[in-house]
């Protein structure tokens, strides 16, 4: 199957700093990428849909100024958590859908963010 | 929008027994239904999927059934093994649009 690479896998930061998470599709072009947040033992909560070359579409309740998403190319989307606070600590995971096989969704390995 | 419900939230079975997880969806336009397996701290992995023009699909010990009229689909795992222990998520999607996930089922296979 297609490979989606996500980095970093784990990050610890101080409150007030910003953290950037990268999501790359390695062997396919991804016109659409999704960003999810997952709390322990809970489901995947969609934060935003990222389309290459256009602004991301955010789900209700997700602050677009806090969670900046950039999808500058067909293989890379980034999520920046700005001015992180302890309540932002979570597992963030991206997924990508191939432009040629738009049905299937492939996930990155996730980023565990801990804000002190 | 789409609403996907998944039951049960936890499931324990003896090794060798079968496990069944059920999901319902609300949007009749949904036409693609994947199932994902997620081990602790790892990415969800697609294990099987079904399209709305098919009623059942099987892959070795895993099968999925779909009832479009009732808007529900189920995952069946036969001859369960300890390595099947994980969290399973169902999802519903209209091709080309976003995916909506169920709340997950934590499956424990007891040796």
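Residue numbers (the numbering used here), protein chains in the order written: chain U, -10 to 105; chain H, -8 to 102.
Yeah, the Cβ is synthetic: ideal placement off N, Cα and C, and Gly gets one too.
On the three-state DSSP scale, how would you describe residue i?
i: residue 48 of chain U; result: coil
i: residue 75 of chain U; result: helix
i: residue 73 of chain H; result: helix
i: residue -5 of chain U; result: strand
i: residue 80 of chain U; result: strand
i: residue 0 of chain U; result: strand
i: residue 26 of chain U; result: strand
i: residue 94 of chain H; result: coil
i: residue 10 of chain H; result: strand
i: residue 40 of chain H; result: strand
i: residue 40 of chain U; result: strand
i: residue 86 of chain H; result: coil
i: residue 98 of chain U; result: coil
i: residue 1 of chain H; result: strand
Are the C-beta atoms of residue i and some chain C residue less than 8 Å apart?
i: residue 65 of chain U; result: This model lacks chain C altogether, as its protein chains are U and H.
According to the neighbour-count rule (16 or more other Cβ atoms, all chains shown, within 10 Å of its Cβ), is residue i buried or exposed?
i: residue 95 of chain H; result: buried
i: residue 37 of chain U; result: buried
i: residue 52 of chain H; result: exposed
i: residue -8 of chain H; result: exposed
i: residue 27 of chain U; result: buried
i: residue 1 of chain H; result: exposed
So what does residue i bridge to, in DSSP terms?
i: residue 32 of chain U; result: DSSP lists no partner for residue 32 of chain U.
i: residue 69 of chain U; result: U:9 and U:57
i: residue 61 of chain H; result: According to DSSP, which records beta bridges pairwise, residue 61 of chain H is partnered with nothing at all.
i: residue 19 of chain U; result: U:87
Can residue i and residue j be called in contact, C-beta distance under 8 Å?
i: residue -7 of chain U; j: residue 14 of chain U; result: yes
i: residue 30 of chain U; j: residue 76 of chain H; result: no
i: residue 1 of chain U; j: residue 103 of chain U; result: yes
i: residue 64 of chain H; j: residue 41 of chain H; result: yes
i: residue 6 of chain H; j: residue 100 of chain H; result: yes
i: residue 28 of chain H; j: residue 36 of chain H; result: yes
i: residue 98 of chain U; j: residue -2 of chain U; result: yes
i: residue 71 of chain U; j: residue 94 of chain U; result: no
i: residue 162 of chain H; j: residue 26 of chain H; result: What is shown of chain H runs -8 to 102, which leaves residue 162 of chain H out entirely.
i: residue 48 of chain U; j: residue 35 of chain U; result: yes
i: residue 21 of chain H; j: residue 61 of chain H; result: no
At a CB-CB cut-off below 8 Å, which residues of chain H make contact with residue i?
i: residue 38 of chain U; result: 89
i: residue 33 of chain U; result: 35, 80 and 92
i: residue 98 of chain U; result: 33 and 34
Name the chain H residues whose beta carbon is nearer than 9 Å to that of residue i?
i: residue 58 of chain U; result: The contacting residues do not exist; residue 58 of chain U stays about 14 Å from chain H at best.
i: residue 50 of chain U; result: Result: empty, since nearest Cβ-Cβ is about 14 Å, beyond 9 Å.
i: residue 23 of chain U; result: 89 and 90
So with CB distances below 9 Å, who are the chain U contacts of residue i?
i: residue 95 of chain H; result: 30, 31, 32 and 33
i: residue 25 of chain H; result: 92, 93 and 94
In chain U, what lies closer than 8 Å to residue i by C-beta?
i: residue 99 of chain H; result: Going along chain U, no residue has its Cβ under 8 Å from residue 99 of chain H, so there is no contact; the nearest lies around 13 Å.
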